[in-house]
Ligand code: KG4
Ligand code: ZN
């Protein structure tokens with residue numbers, strides 16, 4: 484039985500996981516505290532984690548009906564992420580684990596997004612190709628075992644979620660922008676504006692979103708006063724371009740190698756259009772598709788527990804040396 488802690492960005496998360504079963508998965512989103520700034524303010528995130536983590540851990544244990552004495556290990560996200568935010572999680576996990584002389588497991592946040600697919604019900608067994616798209620990362624992971632993944636391609640500049648968040652800001656929508664863009668897109672025409680889909684030629688598996696982001700800034704500027712009435716069309720066209728690139732590179736990954744299954748992870752994987760397009764692609768190619776619920780795509784601690792179950796724990800007091808990875 485593992486208590487997992489995740490504080491790499493702006494969600495304070497704790498979960499109890501046992502053999503792939505989620506016994507509790509508590510998330511306190513700080514989004515409202517960052518909304519006024521149009522994005523995550525690292526110092527505010529760290530301070531909120533400090534205030535929230537103990538009650539969130541208590542809530543995760545009590546929802547699971549467990550106490551510290553029932554645990555076999557404590558897992559924590561060691562990186563990548565915001566250094567101050569990570570340190571709150573790592574220090575708290577160390578304190579909890581060492582008080583009980585429990586072993587500790589360090590988890591790579593991105594491995595957590597992959598491992599959300601190992602959770603019950605219907606856990607996915609490797610090998611599979613996993614597209615991870617979040618606010619900080621965009622990559623294609625070749626997953627051949629539960630304890631690791633290979634990066635087959637990744638963004639050369641911005642992450643997909645970062646581009647969506649920026650586009651939302653240009654359209655006057657609050658943070659986080661991905662769900663807002665999705666909502667506004669429902670009333671828009673995805674073909675109204677032609678946004679560039681980067682690196683469509685060649686066979687490379689890397690991504691790029693900075694050109695798309697700039698194109699949005701220019702499109703909004705060119706509309707001037709006309710922006711207000713074209714917001715839905717802009718949102719829909721932008722969303723289509725982001726999803727177009729993600730699915731194009733995923734398709735290329737499937738062309739490059741034989742993968743029996745596909746999975747998605749990261750906050751952008753909660754996007755309805757992306758989920759539909761990937762479902763169509765997998766049907767056409769007769770490849771199995773695993774889609775975890777949107778709540779397990781965005782940051783959570785159950786996924787960190789899921790990864791930890793397949794990693795080797797460090798005994799007390801070895802982990803007291805641990806720092807965060809940036
Ligand atoms: O994985 P995540 O919760 O945190 C990071 O590790 O970054 O991802 C957050 C990102 C944000 O950029 C947010 O706008 C985006 O995921 N996101 C979405 C949706 N829900 C969250 N993007 C598109 N459509 C959504 N429904
Ligand atoms: Zn994440």
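Residue numbers (our numbering): 484 to 809. Every residue, glycine too, gets a C-beta built ideally from N, C-alpha and C. Values in this document were obtained by computation on a predicted structure and should not be read as measured data.
- Look at residue 596: its beta carbon is less than 7 angstroms from one of the heavy atoms in the ligand ZN.
- For residue 613, the enclosing beta strand (DSSP E) starts and ends at 611 to 616.
- In chain order, 561, 562, 563 place their CB closer than 7 angstroms to the CB of residue 808, counting only its own chain and leaving out the 5 sequence neighbours on each side.
- The criterion of a C-beta distance shorter than 8 angstroms is not satisfied by residue 676 and residue 728.
- In this structure, the C-beta of residue 617 approaches the ligand ZN to less than 7 angstroms from one of its heavy atoms.
- Judged by DSSP in its simplified three-state form, residue 781 adopts coil rather than helix or strand.
- Residue 646 is positioned such that its CB atom lies closer than 8 angstroms to that of residue 692.
- Contact check for residue 786 and residue 532: beta-carbon distance about 18 angstroms, past the 8 angstroms limit, so the pair fails to qualify.
- The C-alpha of residue 581 is placed about 36 angstroms away from the C-alpha of residue 642.
- When the beta-carbon positions are compared, residue 658 and residue 522 come within less than 8 angstroms of each other.
- Contact annotation: residue 754 and residue 510 have beta-carbon atoms that are not nearer than 8 angstroms.
- Under DSSP, residue 564 shares a beta bridge with no residue.
- Secondary structure note for residue 771: its beta strand (DSSP E) is the uninterrupted segment 771 to 773.
- By the Cβ rule, the region 739 to 754 does not count as touching the region 705 to 712, because fewer than three pairs are nearer than 8 angstroms.
- Two segments are said to touch when three or more pairs of C-beta atoms, one from each, lie closer than 8 angstroms; by this definition the region 626 to 636 does not touch the region 714 to 723.
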